[in-house]
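The next block holds one structure in the form of structure tokens; read it before the comments.
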Amino acid sequence: MLTATKGESEMAGDPGKTLFRVEPHVSYFITMLLALVMAFAASPALNLGGTRAIPAMLVCGLSSIGVTLFMLVRHDVPVARGLMTCYLALVVSASFSLIGGGLSGATPSLPKFLVLNYQYLFMLVAYVLAAHVDFERLLLWVTAWGAAFGLLVFLQSAGVVPGANAEPIMGSAFRRGQLFFDQPNGTAAYLAIMLPLTFAIKTPHLGWKRLVWPIRGLLVLGLMSAFSRSAMAAIIVGGICAWFLRDGALVLSRRLLFALSFFLFCTLSLNAKVYELVELLTVGGSVLENDFSAVERLGLGSAGIQMFYAHPWFGVGIGNYPEVLGHYDSRLDSALGMPHNAVIHFACEQGFLGLVAFFIMVILGIFWSSGSDSKLSPILAWSFWTAVANSLFGWPFIHGIGELLMLIIGFMAFHARRTDL
1 MLTATKGESE MAGDPGKTLF RVEPHVSYFI TMLLALVMAF AASPALNLGG
51 TRAIPAMLVC GLSSIGVTLF MLVRHDVPVA RGLMTCYLAL VVSASFSLIG
101 GGLSGATPSL PKFLVLNYQY LFMLVAYVLA AHVDFERLLL WVTAWGAAFG
151 LLVFLQSAGV VPGANAEPIM GSAFRRGQLF FDQPNGTAAY LAIMLPLTFA
201 IKTPHLGWKR LVWPIRGLLV LGLMSAFSRS AMAAIIVGGI CAWFLRDGAL
251 VLSRRLLFAL SFFLFCTLSL NAKVYELVEL LTVGGSVLEN DFSAVERLGL
301 GSAGIQMFYA HPWFGVGIGN YPEVLGHYDS RLDSALGMPH NAVIHFACEQ
351 GFLGLVAFFI MVILGIFWSS GSDSKLSPIL AWSFWTAVAN SLFGWPFIHG
401 IGELLMLIIG FMAFHARRTD L
């Protein structure tokens, strides 16, 4: 059923061509299987944290070796090499962070290391299978799952389903829904990244186009019920980035690269006394006086920057931020577990190598989201940039969000038409 095509070496210059000739029923099966992977494996309902994850992580680790060899041997094109660079950079930085955990005096978190590597694998799987997937059918099924998730978030917000966050929405009787994420911001980010994918569904099979607007509406309803201002802003910023980077706007890409570099410089150059400075601003009726969340997040970010200064190369180790937080600021709640900024998070837990890996991912995303003649690329780029924008306020590799982001990157790389990477 799967037979190699002739002239594969000639096809290597065009990542849009398939590696194999696939029968229609096999393509349908692959699409359905990948939809299940995206919907369930990327669902926060199946939390793979802790030691329970180790067997699954080992299986995925062995699978990643096979996928990597397949890509190198069968599909040695510039985009595939770029994807491999991104994947290996993320894996290498995560591996060296285990050393950083030991040097910082913290206990190396092997389960969290394995979970991250499990998430990174999704970009390779998505790229390899992209040639044999019916994207509209795939996205219809995946977003339908997201719509059901959004409905549950709304019901939780309304009090029908227990477990909502205690924080009310703008003083109303509704509470912020959070479901399996145990935090409203993560729930909202998951729905926000999925929402743009509904715009890629133009001619779904079996006349299901009429379902697109209800699906879109339920995703928006769930997003509003989680009520995360950062996720709402991320959708807008992500759409703007995707629009400006369309049609190979490389001049603007260079400007964006400069902006990202400048943001990194400003973030890591913050004075270590930011927390005390904000405390001074809250005295005497400042607008921050009643906004404890803003003060606390600045304090968490400041502590993360101090960790980076103390362990600049390998960081304090993946998952060790809460454990060592008390050494840098004992007033902060270690249960929060993150500095609420992906740049600082990579810097403090994975050091300089983690920062390099993160920016390789973002820079390649800039190239893959521009200069493509695929109608799907702008939609995938919108979801990608929504995730990147939201990462300035949170951690993009929360279980569920990380898998979804990696799948989007893999599909986006496949649909890229650039050959100069």
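Numbering follows UniProt numbering, in which position 253 of the sequence shown is assigned residue number 253; successive positions increment by one, without gaps.
Positions of the beta carbon are idealized from the N, C-alpha and C atoms, including for glycine.
Short Cβ contact (8 Å threshold) for residue i with residue j
i	j	result
proline 184	alanine 226	yes
methionine 412	leucine 380	yes
leucine 191	glycine 159	no
glycine 324	methionine 338	The question names glycine, but residue 324 is valine in the sequence shown. Not in contact: valine 324 and methionine 338 (Cβ atoms no closer than 8 Å).
glutamate 349	isoleucine 318	yes
glycine 410	phenylalanine 122	yes
histidine 415	leucine 376	yes
isoleucine 366	leucine 197	no
phenylalanine 154	glycine 222	yes
histidine 340	glycine 394	yes
serine 383	isoleucine 408	yes
residue 466	alanine 189	Since the first and last residues shown for the chain are 1 and 421, residue 466 lies out of range.
alanine 357	proline 396	no
threonine 85	isoleucine 363	no
leucine 129	isoleucine 201	no
asparagine 320	alanine 106	yes
First through last residue of the alpha helix (DSSP H) which encompasses residue i
i	result
serine 109	Segment: none, serine 109 is in no alpha helix (DSSP H) and carries neither H nor E.
tryptophan 368	342 to 368
isoleucine 398	Where isoleucine 398 is concerned, there is no enclosing alpha helix (DSSP H), given that its DSSP letter is neither H nor E.
asparagine 185	184 to 194
asparagine 320	Note, asparagine 320: premise wrong, no alpha helix (DSSP H); not H, not E.
serine 230	229 to 244
Neighbourhood of residue i by C-beta distance below 6 Å, restricted to the same chain and skipping five residues each side
i	result
tryptophan 385	Gly238, Cys241 and Ala242
leucine 151	Leu218
phenylalanine 346	Gly354, Leu355 and Phe358
Reduced DSSP category for residue i - H, G, I as helix; E, B as strand; rest coil
i	result
arginine 137	helix
proline 214	helix
arginine 176	coil
proline 378	helix
Cβ-based neighbour list, residue i, same chain, cut-off 8 Å, excluding 5 preceding and 5 following
i	result
glycine 49	The pLDDT assigned to glycine 49 is 45, lower than 50, so where the model puts this residue is not dependable; a value taken from the coordinates is nonetheless given after this. Pro111, Lys112, Val115 and His399.
glycine 351	Ser93, Phe96, Ser97, Gly100, Phe308, His311, Pro312, Trp313, Phe314 and Gly315
valine 91	Asn117 and Tyr120
alanine 144	Leu211 and Ile215
Closer than 7 Å: residue i CB and nearest the ligand HEM heavy atom
i	result
phenylalanine 96	Among the components modelled here there is no ligand, and therefore nothing to report on the ligand HEM.
Sequence-distant residues of its chain with Cβ nearer than 7 Å to residue i (five each side left out)
i	result
arginine 176	Ser157, Ala164, Asn165, Glu167, Ile169, Pro184, Ala226 and Phe227
residue 435	In this structure the chain extends from 1 to 421, so residue 435 is not present and cannot be described.
alanine 41	Its pLDDT being 49, under 50, alanine 41 is placed unreliably by the model, and the measurement read from it follows with that caveat. Only Glu403 meet the Cβ criterion.
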